Each structure stands twice: as C-alpha cells, then as structure tokens.
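J.:
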Amino acid sequence: MASWCWSSLVLCLLLTSSSAHGDIFTSISHMTDLLFTEKDLLTSLKNYIQAEEKKLEQIKTWADKLDVLSAAATQDPEGFLGHPVNAFKLIKRLNTEWAELESLVLSDMSDVFVSNLTVHRQNFPDSDDETGAAKALMRLQDTYQLDTDAIATGQLPGSSSNRGSLTVSDCFDIGRSAYLQNDYYHTQLWMIQALKQLDQGETSSSVDAITVLDYLSYSLYQQGELERALQLTKRLLELDPMHQRATRNLRYYEHQLSNQKGAVGGAESAQRQKGDTHDVPDDFLPVRRSYEELCRGEGVSMTPRRQSRLFCRYHNNNRHPRYVIGPVKQEVEWDRPLIVRYHDIVSDKDMETVKELAKPRLRRATVHEAQTGQLITAPYRVSKSAWLREHEHPVVDNINQRIEDITGLDMSTAEDLQVANYGVGGQYEPHYDFGRKDEPDAFEDLETGNRIATWLLYMSDVQAGGATVFTDVRAAVKPIKGTAVFWYNLYASGEGDDRTRHAACPVLVGSKWVSNKWIHERGQEFRRRCGLRKTD
Numbered sequence: 044m045a046s047w048c049w050s051s052l053v054l055c056l057l058l059t060s061s062s063a064h065g066d067i068f069t070s071i072s073h074m075t076d077l078l079f080t081e082k083d084l085l086t087s088l089k090n091y092i093q094a095e096e097k098k099l100e101q102i103k104t105w106a107d108k109l110d111v112l113s114a115a116a117t118q119d120p121e122g123f124l125g126h127p128v129n130a131f132k133l134i135k136r137l138n139t140e141w142a143e144l145e146s147l148v149l150s151d152m153s154d155v156f157v158s159n160l161t162v163h164r165q166n167f168p169d170s171d172d173e174t175g176a177a178k179a180l181m182r183l184q185d186t187y188q189l190d191t192d193a194i195a196t197g198q199l200p201g202s203s204s205n206r207g208s209l210t211v212s213d214c215f216d217i218g219r220s221a222y223l224q225n226d227y228y229h230t231q232l233w234m235i236q237a238l239k240q241l242d243q244g245e246t247s248s249s250v251d252a253i254t255v256l257d258y259l260s261y262s263l264y265q266q267g268e269l270e271r272a273l274q275l276t277k278r279l280l281e282l283d284p285m286h287q288r289a290t291r292n293l294r295y296y297e298h299q300l301s302n303q304k305g306a307v308g309g310a311e312s313a314q315r316q317k318g319d320t321h322d323v324p325d326d327f328l329p330v331r332r333s334y335e336e337l338c339r340g341e342g343v344s345m346t347p348r349r350q351s352r353l354f355c356r357y358h359n360n361n362r363h364p365r366y367v368i369g370p371v372k373q374e375v376e377w378d379r380p381l382i383v384r385y386h387d388i389v390s391d392k393d394m395e396t397v398k399e400l401a402k403p404r405l406r407r408a409t410v411h412e413a414q415t416g417q418l419i420t421a422p423y424r425v426s427k428s429a430w431l432r433e434h435e436h437p438v439v440d441n442i443n444q445r446i447e448d449i450t451g452l453d454m455s456t457a458e459d460l461q462v463a464n465y466g467v468g469g470q471y472e473p474h475y476d477f478g479r480k481d482e483p484d485a486f487e488d489l490e491t492g493n494r495i496a497t498w499l500l501y502m503s504d505v506q507a508g509g510a511t512v513f514t515d516v517r518a519a520v521k522p523i524k525g526t527a528v529f530w531y532n533l534y535a536s537g538e539g540d541d542r543t544r545h546a547a548c549p550v551l552v553g554s555k556w557v558s559n560k561w562i563h564e565r566g567q568e569f570r571r572r573c574g575l576r577k578t579d
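For the sequence shown, position 508 (counting from the first letter as 1) is numbered 551 according to the numbering used here, and the numbering increases by one without interruption.
This is how it looks when you write it as structure tokens:
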C-alpha cells in the first residue's frame with residue numbers, strides 16, 4: 044500500500060509540473076494525463092471498497108457467532124453463567140471484545156482514498172476548463188453545422204470508435220454555460236436537447252423539466268421569440284403552478300404580445316448573470332464565412348484548368364548533395380500563392396521524440412498583440428505549444444538541417460522549432476504569420492526581420508477537422524502525418540503577401556500535433572534575392 048501511495052504521489056507531481064488550471068482543455072496530450080489520474084483514483088476507490096467490505100465481513104462474522112451464543116445463553120441465564128468458563132468469557136467480551144469491535148466500527152477505511160484524492164485534486168480541471176470545453180463543443184457545432192442531437196449521441200464524422208454520449212445533465216450544463224456568457228442562441232439549442240432527452244424518458248437526479256423550461260423560455264424571449272417563450276412558460280406552470288418567476292414572466296409575455304411590442308428587457312432572468320459579457324464575433328464577415336466553409340470542405344476555389352497545372356515530382360533542391368540520390372517527394376497543393384507539400388519528410392520515431400521532448404513544456408499557445416507586440420493568450424487560438432531549441436537534441440538539429448536543405452533558406456535566424464498540440468475543438472482562427480505594416484514592432488526584439496516563410500510539419504493524422512485553410516484564396520490543406528507544407532509569407536520584394544492569411548480549423552475528432560518553423564528575412568539576402576516589383 045505504501046509503494047502504491049508513493050507512485051500516486053510521483054504521478055501527481057509529474058502532472059503538477061506539466062499542466063495549468065484553466066488551460067487543460069487546450070491540449071489533448073495533457074488531457075490524456077487526466078485519464079491515467081482517473082484510473083489511479085479508480086484503483087484507490089476499489090481498494091477502499093474492498094477494505095470496507097472486509098471490515099463489514101469481520102463485523103458480520105463476529106455478530107453471527109455472538110448471535111448463536113446469546114440465543115443459547117438467554118434460554119437459561121443462571122445455568123449458563125453457572126459455568127465459570129462462560130462467566131469469564133462474558134466478562135472478557137464486555138470488557139475487551141466489544142471495545143475492539145467499537146474500534147473496528149469507528150475505523151475509517153477511506154483515509155488512503157481521501158488522501159490520494161486530495162493530492163490529485165490539485166491537478167483537476169477547474170470551472171474555466173469546463174467552460175472552455177463547453178465553448179469548444181459549441182464552436183464545433185457552429186463551424187461544422189452539427190445538430191445538437193448528433194453531438195449528444197456522439198455521432199460525429201470520423202468517430203467510428205470511442206463514441207461518447209451526453210446525459211441530460213451534460214446538455215443542461217452546456218446550455219447553462221452558454222447562458223452565463225449571454226449566448227442565448229446556444230442556450231436555446233442545448234436546453235431543447237436536454238428537454239428532448241427528458242421527454243424521451245431519461246432521468247436525472249440533478250436536472251428536471253421545470254429548470255430546463257425556465258432557462259429555455261427566457262433564452263427564447265431574449266431572441267425575440269415571444270410566442271414560443273409564452274408557450275413554454277405555460278408548460279412550466281402546468282408542472283409547477285407556484286413558480287413565482289414564471290408567473291411574472293407569463294404576465295409580461297402576454298402584455299408584450301397584446302401590445303405587439305418586441306422590446307426586450309422586462310422579463311426576469313432565470314438567475315442573475317455571472318461573469319463577463321461575451322463578445323460574439325460577427326459570423327457574417329467574409330473571412331469568417333470563408334474560414335468555416337473551407338473547414339467543412341466547401342467552396343475550395345480551384346478550376347480544373349488550374350488543377351491540371353499542379354504536379355508532383357522528386358525534389359533535390361538544385362542537386363543538393365544530400366538529395367541527389369534520395370530526393371524528397373514534393374506535391375504542389377496550390378499555385379497562387381505557391382504552397383507545396385513534402386511527403387515522408389520525418390520518420391515516426393523522430394516525430395515521437397519531438398512529442399516527448401515537448402510534452403513537459405506544453406503551455407497555452409500565445410499570439411503577438413498588435414499594439415504592443417507582446418505575446419499573449421487569445422480565445423481564437425486554442426492549443427498548447429512548446430519551443431525546442433537547436434542543439435538540445437540530435438533529432439531537433441536534424442529537422443532544422445533538413446528544412447534548410449529542402450527550402451534553401453538559412454535557419455540561423457529562424458525561430459526555435461514550435462511544437463503544438465490542439466485540444467477539444469482546438470483551432471487558430473484566420474491570421475497572418477508575418478508582421479503587417481500596422482505591427483511595426485512585431486519582431487523587433489528578434490532583430491531578424493519579418494517572417495519570410497513558414498514550414499508546417501503534421502505529426503499526426505486527424506480523423507475529422509483540423510485542416511489548414513487559406514481564406515483569401517479559398518484553399519484547404521488536410522493534415523497528413525509525416526508531411527510538411529511550405530509557403531512564403533513575403534513577396535521577394537519584402538512586402539507581405541496577404542493571400543497567405545490562413546487558419547487551423549477546429550479539430551472535430553482526434554488529436555492534432557504539428558511543429559512549425561518560422562523563417563526570418565535576415566540571412567536570406569543571397570538565397571532569395573529581392574524582387575524589383577512589389578508583388579514579385
């Protein structure tokens with residue numbers, strides 16, 4: 044038992060060093076640690092149950108023996124106690140054995156389990172993680188136009204196995220999470236799903252139809268659907284005629300309808316609002332619309348004539364000595380801007396080494412803040428990343444060298460290799476890799492110029508979602524393990540190429556691992572000569 048407790052403590056300490064509250068949901072890798080934590084706690088719980096069962100069995104055995112003895116003794120008490128042995132044993136039982144039984148009954152078998160749980164609880168997800176995971180499900184719902192019932196039953200594209208389902212309580216909690224963010228659209232969707240499952244006969248010890256109808260009717264009212272809000276409020280009052288808030292809201296809804304006014308603001312909320320107001324992005328922006336369409340595989344802009352110009356070939360980078368005999372397989376994914384994919388570029392063994400090096404350092408991914416140039420976390424980038432420096436491991440050096448050999452660009456001024464793992468609904472919304480003119484200080488501290496090019500290595504396959512899309516040219520690149528895509532962010536003139544605005548689509552099913560190398564201008568003066576025109 045002592046060694047088992049020690050191993051649990053070691054596991055806990057390892058987890059403590061590799062995760063942070065509020066960000067656990069942003070990395071599937073860190074969430075896998077939670078599975079092993081839960082398995083360890085389950086083992087501890089079973090041990091506790093066995094200890095309790097053993098304790099009760101001991102008490103029951105002692106009680107059964109005493110029951111037989113007591114039955115015989117009480118038939119002729121004086122005759123029974125007339126035997127000195129019986130008299131001695133009675134005194135001994137009452138003086139010693141009953142005290143031992145009392146100690147046994149009062150002994151707490153849960154100490155080890157509670158201690159283990161207390162230690163592990165320090166690394167449990169918190170309310171921010173639960174909110175983040177709920178938002179991720181809603182993000183997937185919107186981006187891939189998924190029905191709530193499909194999500195609740197786990198019937199997602201690419202999820203042939205490991206299918207999970209949501210209970211009434213789960214659906215209610217997702218809806219309530221949206222409600223607390225003033226997101227009444229998703230509140231409505233998930234409360235309808237919870238109500239549907241209740242109507243189908245599912246039971247819940249924590250959620251009932253009255254509570255669901257309370258949230259649902261108010262969310263409909265907030266969206267201007269007064270008639271539906273009124274109907275559901277009446278249904279609520281049929282279940283609970285004394286519901287005070289519903290009674291007041293009913294009168295208000297009837298008054299609004301009678302006056303044909305759609306004003307919002309008079310009804311009473313299901314509960315007081317909590318948390319900050321939610322800044323809902325404008326889904327009608329062309330870039331946003333293009334992003335979501337491309338993530339769904341819609342609207343890729345490539346005519347058959349342009350498609351015919353794309354090709355695959357063996358690439359040796361102008362007869363580079365390392366690739367004359369063993370050239371790499373190059374595929375043109377897009378022509379304008381030129382986006383190429385290199386196949387079988389890194390071995391599975393090396394990719395696993397990179398992952399293992401990165402896992403202990405994974406932290407919430409950051410972006411450059413436009414005004415200050417500082418690195419900050421942002422809700423539009425949901426992943427964890429780590430940086431691997433050159434010379435810290437031979438595999439990292441080999442990858443850096445291979446990028447230099449294949450692209451012909453100098454890696455001495457490039458940024459460290461960044462490794463990223465995407466979590467639940469992990470994404471990176473449309474962005475540029477290069478610093479734009481309104482971000483003059485974006486890479487000033489590096490003193491290596493702007494990001495001239497991007498190298499992106501896919502280190503896992505993704506069952507569904509997770510594509511890299513270029514919103515301005517409507518191109519989509521699917522993640523394929525062991526392949527890398529490469530493109531220039533700047534024209535040869537040094538001007539930024541706005542066509543390279545891209546995004547990482549939300550991961551619908553699977554765990555997405557990537558590593559990228561941002562290559563800078565300095566050192567490339569004689570490797571990629573400056574063009575004379577702005578868009579050269």
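Where a beta carbon is used, it is the ideal one built from N, C-alpha and C, also for glycine. These figures come from a predicted structure and were not determined experimentally.
Which of the three DSSP states, helix, strand or coil, is assigned to residue 568?
T.: Note: residue 568 maps to coil in three-state DSSP.
J.: Please go through the segment 363-405 and give each complete beta strand (DSSP E) segment of 3 or more residues, from N-terminal end onward.
T.: Runs found: 371-377, 382-386.
J.: DSSP state of residue 513, grouped into three classes?
T.: Of the three classes helix, strand and coil, the one that applies to residue 513 here is strand, per DSSP.
J.: Pop quiz: residue 343 and residue 396 are said to be a contact at Cβ under 8 angstroms. What is the actual Cβ separation, rounded to whole angstroms?
T.: At roughly 35 angstroms, the Cβ-Cβ gap does not stay under 8 angstroms, so residue 343 and residue 396 are not in contact.
J.: Whose C-alpha, out of 156, 473, 242, is nearest the C-alpha of residue 424?
T.: Comparing Cα-Cα distances from residue 424 to each of 156, 473, 242, the minimum goes to 473.
J.: So which of 383, 166, 215 has the shortest CA-CA distance to residue 255?
T.: The residue with the shortest Cα to Cα distance from residue 255 is 215.
J.: State whether the segment 505-520 contacts the segment 481-494, with contact taken as three or more CB pairs (one from each stretch) at a distance under 8 angstroms.
T.: No: fewer than three Cβ pairs fall under 8 angstroms.
J.: Going by the DSSP bridge assignment, what does residue 548 pair with across the sheet?
T.: In the DSSP output, where bridge partners are listed per residue, residue 548 has none listed.
J.: Would you mind listing the alpha helix (DSSP H) stretches within the segment 108-187 that are 4+ residues and don't spill past its ends, in chain order?
T.: DSSP runs (the alpha helix (DSSP H)) wholly in the segment 108-187: 120-124, 127-135, 141-149, 154-164, 170-186.
J.: Alpha carbon to alpha carbon, what distance is there between residue 569 and residue 361?
T.: The alpha-carbon atoms of residue 361 and residue 569 are separated by roughly 15 angstroms.
J.: To the nearest angstrom, how far is it from the Cα of residue 535 to the Cα of residue 573?
T.: If I take the Cα positions, the gap works out to 5 angstroms.
J.: State the DSSP-derived secondary structure class of residue 212, mapped to helix, strand or coil.
T.: Residue state, collapsed to three classes: helix.
J.: Would you give the residue range spanned by the alpha helix (DSSP H) that residue 296 belongs to?
T.: Residue 296 -> alpha helix (DSSP H) spans 287-301.
J.: With a Cβ-Cβ cutoff of 8 angstroms, do residue 496 and residue 548 count as a contact?
T.: For residue 496 and residue 548, no; Cβs fall outside 8 angstroms.
J.: So which of 470, 542, 537, 142 has the shortest CA-CA distance to residue 70?
T.: It is 470 whose Cα lies nearest to the Cα of residue 70.
J.: Whole-angstrom Cβ separation of residue 505 and residue 468, contact assumed at under 8 angstroms?
T.: Not a contact, Cβ separation roughly 12 angstroms.
J.: Does DSSP classify residue 539 as helix, strand or coil?
T.: It is a strand residue.
J.: What residues in its chain sit with their C-beta under 6 angstroms from that of residue 232, if we drop five residues either side in the sequence?
T.: Once the five neighbours on either side are set aside, the close Cβ partners of residue 232 are 191.
J.: What is the DSSP secondary structure of residue 229, counted as helix, strand or coil?
T.: The answer is helix: DSSP assigns residue 229 an H, G or I state.
J.: For the beta strand (DSSP E) that contains residue 473, what are its first and last residues?
T.: Element bounds for residue 473: 470-474.
J.: So which of 339, 294, 539, 409 has the shortest CA-CA distance to residue 182?
T.: If we check each option's Cα against that of residue 182, 339 comes out closest.
J.: Pick out whichever of 289, 576, 133, 102 has its Cα sitting closest to the Cα of residue 538.
T.: Nearest of 289, 576, 133, 102 to residue 538, Cα basis: 576.
J.: According to DSSP, residue 423 sits in a beta bridge with which residue or residues?
T.: According to DSSP, which records beta bridges pairwise, residue 423 is partnered with nothing at all.
J.: Quick one: Cα of residue 213 to Cα of residue 389, how far?
T.: Roughly 41 angstroms between the two C-alpha positions.
J.: Which of helix, strand or coil does DSSP assign to residue 334?
T.: Of the three classes helix, strand and coil, the one that applies to residue 334 here is helix, per DSSP.
J.: Give the straight-line distance between the Cα atoms of residue 337 and residue 420, rounded to the nearest whole angstrom.
T.: Taking the straight line joining both Cα atoms gives about 25 angstroms.
J.: Should residue 382 go down as buried or exposed, given a rule of 16 or more other Cβ atoms within 10 Å for buried?
T.: Counting Cβ neighbours within 10 Å, residue 382 comes out buried, since at least 16 surround it.
J.: Compute the minimum distance between the beta carbon of residue 477 and the heavy atoms of the ligand SAM, and state whether it is under 7 angstroms.
T.: Ligands in the displayed structure: none, and consequently the ligand SAM is not present.
J.: If you follow the alpha helix (DSSP H) that residue 479 is part of, which residue opens it and which one closes it?
T.: Premise fails: residue 479 is in no alpha helix (DSSP H) and is neither H nor E.
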